[in-house]
């Protein structure tokens, strides 16, 4: 498989983002495009940029956008997080790889065998993507813009601390459908 199979928990990210204003969106690590395409389907005037380091993933996302008639409102860019992104956005959304390297062997075989490793783990402590996102978020968020990321259920404090250290404010942790910490939301002043 070329992309992560979206999980129900990601719906929580979309639902939280739909509660926030914003007509210009950035989806980092778009994979199938599920997040950005769900947002665009609910916001008729919105536009977006969707990035992924994997060209194969971008091909899947482009195909999904075409099937939904959303290609004209979304630019797809091959980028390692913010490296090839320009401009500012009202909303930055991401479900990045977050499984720590030492947790990979404990994953269910159907997950390890089905999803690309690149989409599951950045290696190390699982926080590398959040470090990259934190370091670039303020430059790419419009004033008052919001950042929402999906996290592993034990990462809320670490990700919140990274965002706080990057100067983001109004940091909130939101639960998933099972009540576990799943989304960290932050705002640029």
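Residue numbers (full-length UniProt numbering): 1 to 189. The C-beta atom is built at its ideal place from N, Cα and C for all residues, glycine as well. Keep in mind it's a predicted model, so treat the numbers as computed, not measured.
Review point. Based on the DSSP secondary-structure assignment, which residues constitute the bridge partners of residue 164?
Key: For this step, residue 164 is matched to residue 164 along the chain shown. In DSSP, residue 164 forms no bridge with anything.
Point to revise | Span of the beta strand (DSSP E) around residue 90 | key: For the purposes of this step, residue 90 is taken as residue 90 along the chain shown, with counting starting at 1. 89 to 94 is the span of the beta strand (DSSP E), which, as asked, contains residue 90.
Check your understanding: What span of residues does the beta strand (DSSP E) with residue 136 cover, start to end?
Key -> In the chain shown, residue 136 corresponds to position 136, counting from 1. Not the beta strand (DSSP E): residue 136 falls in the alpha helix (DSSP H), residues 128 to 140.
Check your understanding: DSSP puts residue 183 in a beta bridge; with which residues?
Key -> Counting from one through the chain shown, the residue named residue 183 turns up at place 183. BP columns for residue 183 point to 150 and 174.
**Study point:** In chain order, each alpha helix (DSSP H) run of at least 4 residues that lies wholly inside the UniProt domain "Methyltransferase small" (15 to 103)
**Key:** 34 to 42 and 55 to 68
Check your understanding: Using CA coordinates, which residue listed in 69, 42 and 82 is at the minimum distance from residue 30?
Key -> Counting from one through the chain shown, the residue named residue 30 turns up at place 30. Here the closest residue by C-alpha is 82.
Exercise for review: Find the nearest neighbour of residue 24 within the set 13, 55 and 140, judged by alpha-carbon distance.
Suggested key: Here residue 24 refers to the residue found at position 24 when the chain shown is read from its first residue. The residue with the shortest Cα to Cα distance from residue 24 is 140.
Review point. Grouping DSSP H, G and I as helix and E and B as strand, with all else coil, what is residue 169?
Key: On the chain shown, residue 169 is found 169 positions in, with the first residue counted as 1. Correct three-state label for residue 169: strand.
Practice item. Alpha carbon to alpha carbon, how far is residue 120 from residue 4? Give it in angstroms, no decimals. Key: As a working mapping, residue 4 is identified with position 4 in the chain shown. As a working mapping, residue 120 is identified with position 120 in the chain shown. Residue 4 and residue 120: Cα-Cα distance of roughly 8 Å.
Point to revise | At least three beta-carbon pairs within less than 8 Å, the stretch 63 to 76 to the stretch 85 to 93 | key: no
Review point. So is residue 33 buried or exposed if we call it buried at 16+ other beta carbons inside 10 Å?
Key: As a position in the chain shown, residue 33 is number 33, starting the count at 1. So residue 33 counts as buried.
Check your understanding: For residue 40, which option in 176, 14 and 58 has the closest C-alpha, if you only look at C-alpha atoms?
Key -> Position 40 of the chain shown, counted from the first residue, corresponds to residue 40. When each option's Cα is compared against that of residue 40, the closest is 14.
Check your understanding: Are three or more beta carbon pairs between the stretch 70 to 82 and the stretch 41 to 55 nearer than 8 Å?
Key -> yes
Review point. Applying the criterion that 16 or more other CB atoms from any shown protein chain within 10 Å of the CB defines a buried residue, is residue 57 buried or exposed?
Key: Locating residue 57 in the chain shown gives position 57, counting from the first residue. Classification for residue 57: buried.
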